[in-house]
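Everything on this sheet refers to the single structure shown next.
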Amino acid sequence: MRLRSVLVAMTIVIMIPVTAQSLTYGEWQARSAKDARLLPGFKGHQLTPAQKASNLELVRKVLEVGTDRRTSSDHLVGLGRQHLVEGDLVSAMYRFNHAWLVDSTNASGYHGFGLFFLAMDRKTQAVTQFALGLERDSTHVPLLRDMASTLLAGQYELRSEKPEKADTMTGTAVALLKRAHARAPEDAAVLMKLTVCHAILRECEGARAWMALYVASGDKTDLLATKALMDRECPLLEAPGMAR
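In the working numbering, the protein residues as written are 10 to 253.
Spelled out as structure tokens, the structure:
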């Protein structure tokens, strides 16, 4: 299997499982210029008094059920993620913004914003949102994992023309994943991605160590693709004259 095929298999897990998106990036740009609800945190729009009142009423109704702001916000993020799975990006952003209104300090809301942009294959915007989320919670494992995954996908696009920049991006991904591993040592996706990063960097000793932990986790989701990458980049035995 070619390296490109393996990397696609590795990075596809960060993409939203949507076969038909309801909103392209161009459509989003046009619609968000008129509809503040399609912008993360309503950025760039001055809300009217009526819109502000509507937002306050929404928060009041959400909190009426008796849950705290963080729990309510997390629930709304979950609804937004479900909309993404269903391919309804418009409703997804509405829900993520509702979550932000209820608790603007909730890092999970920014995770949702980032996933929204990933659904349109806009990696730069996604990384920006993930970084904002990590400013609120530097130990948020999904944010650490998905920001690293996005950088891992992006480095592939640069590798042929800018290998040094690609290596830097991969190194940043490693740092993020190690932070995630410290918080969630049994997270199989983190172990797999650490294996991939070290293999790409040809740091084979580290790649094999992480691979052993990934295999021990029992997760088989990306096992075959990870083994294929390891066979290519870090074979256990290299023929004479083939070592790089």
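Backbone N, C-alpha and C define an ideal beta-carbon position, used for all residues, glycine too.
Please read all numbers here as calculations on a predicted model, not as lab measurements.
inquiry  = Looking at the secondary structure, which residues open and close the alpha helix (DSSP H) in which Asn64 lies?
reply    = 58-72
inquiry  = So for Met239, helix, strand or coil by DSSP?
reply    = helix
ask   = If you run the structure through DSSP and keep just helix, strand and coil, what is Met24?
value = With a pLDDT of 44 at Met24, under the threshold of 50, the modelled position of that residue is not reliable, and no figure is offered here.
query = So, helix, strand or coil for Glu36, using DSSP?
reply = helix
request  = Measure from the alpha carbon of Arg154 to the alpha carbon of each residue in Gly215, Val68, Gly123, then state which is nearest.
outcome  = Gly123
inquiry  = Give me the residue from Tyr34, Ser158, Pro172 with the minimum Cα distance to Val305.
reply    = The question about residue 305 has no answer, for the chain in this structure spans 10 to 253.
request  = Return yes when at least one heavy atom of the ligand SAH lies under 7 Å from the C-beta of Lys61, else no.
outcome  = With respect to the ligand SAH, the structure shown offers nothing to examine, as it has no ligands at all.
ask   = Do you know offhand how far Asn106's Cα is from Leu161's?
value = 27 Å
query = Given Ser41, which residues of its chain have a CB within under 6 Å of its CB, disregarding the five upstream and five downstream residues?
reply = Leu47, Leu48.
query = Is Gly75 helix, strand or coil when you go by DSSP?
reply = Three-state result, Gly75: coil.
Sub-8 Å separation of Val150 and Asp196 beta-carbons = Result yes, Cβ atoms of Val150 and Asp196 sit closer than 8 Å.
ask   = Is the beta carbon of Cys206 less than 8 Å from the beta carbon of Thr177?
value = no
request  = Look up Leu48 in the DSSP assignment and say whether it is helix, strand or coil.
outcome  = coil
query = How far does the alpha helix (DSSP H) with Asn106 in it reach, from first residue to last?
reply = 98-111
task = Could I get the ranges of all uninterrupted alpha helix (DSSP H) runs contained in the segment 122-184, with 4 residues as the minimum, in chain order?
result = 132-145, 150-168
ask   = Which value, in whole angstroms, describes the spacing of the CA atoms of Gly254 and Lys236?
value = The structure shown has nothing for residue 254, since the chain only spans 10 to 253.
C-alpha distance - Trp219 paired with His120, whole-angstrom precision = Their backbone Cα atoms lie some 26 Å apart in a straight line.
Span separating the alpha-carbon of Ala101 from that of Leu67 = 16 Å
Segment limits, alpha helix (DSSP H) that includes Ala221 = 213-225
request  = Spell out a yes or no on whether the segment 129-144 and the segment 64-81 are touching, meaning 3 or more CB-CB pairs, one atom from each, closer than 8 Å.
outcome  = no
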